[in-house]
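Position one of the sequence shown corresponds to residue 1 (full-length UniProt numbering), numbered consecutively onward. Below is one structure, written out as structure tokens, with a few remarks after it.
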Amino acid sequence: MTKTPIIYFSERELEVLQLIVEGYHNSQIATTLLISEGTVKCHIRSIFGKAKVNDRTQAAVFALRNNLAK
């Protein structure tokens, strides 16, 4: 039996992930969360790495399948 590793996302990463699921672009995420686009990109890179995905669609599917977003 293989154990699935637990992945920990920061609260901000989860906020960014939710907005990705909702279809927001980086500039919209930055405006909504009052952060720079560079910071958004940093969070997205971190999310992709932790979730082992390569794009926003895969990240959104990961979030929905794992009940990390609505």
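For each residue, glycine too, the CB sits at the ideal point set by N, CA and C.
Distance, residue j Cα to residue i Cα
{"i": "Ile29", "j": "Glu37", "result": "8 Å"}
{"i": "Val53", "j": "Ala60", "result": "10 Å"}
{"i": "Arg56", "j": "Phe62", "result": "10 Å"}
Cβ separation of residue i and residue j, assumed to be a contact under 8 Å, to the nearest whole Å
{"i": "Ile47", "j": "Val16", "result": "7 Å"}
{"i": "Leu14", "j": "Leu68", "result": "6 Å"}
{"i": "Arg65", "j": "His43", "result": "Their Cβ separation, rounded to whole angstroms, is 20 Å, which puts Arg65 and His43 out of contact at 8 Å."}
{"i": "Lys41", "j": "Ile7", "result": "About 20 Å separates the two Cβ atoms, so there is no contact after all."}
Residue i classed as buried or exposed, judged by whether at least 16 other C-beta atoms fall within 10 angstroms
{"i": "Asn26", "result": "buried"}
Whole beta strand (DSSP E) elements within the UniProt domain "HTH luxR-type" (2 to 67), 3-residue minimum:
none
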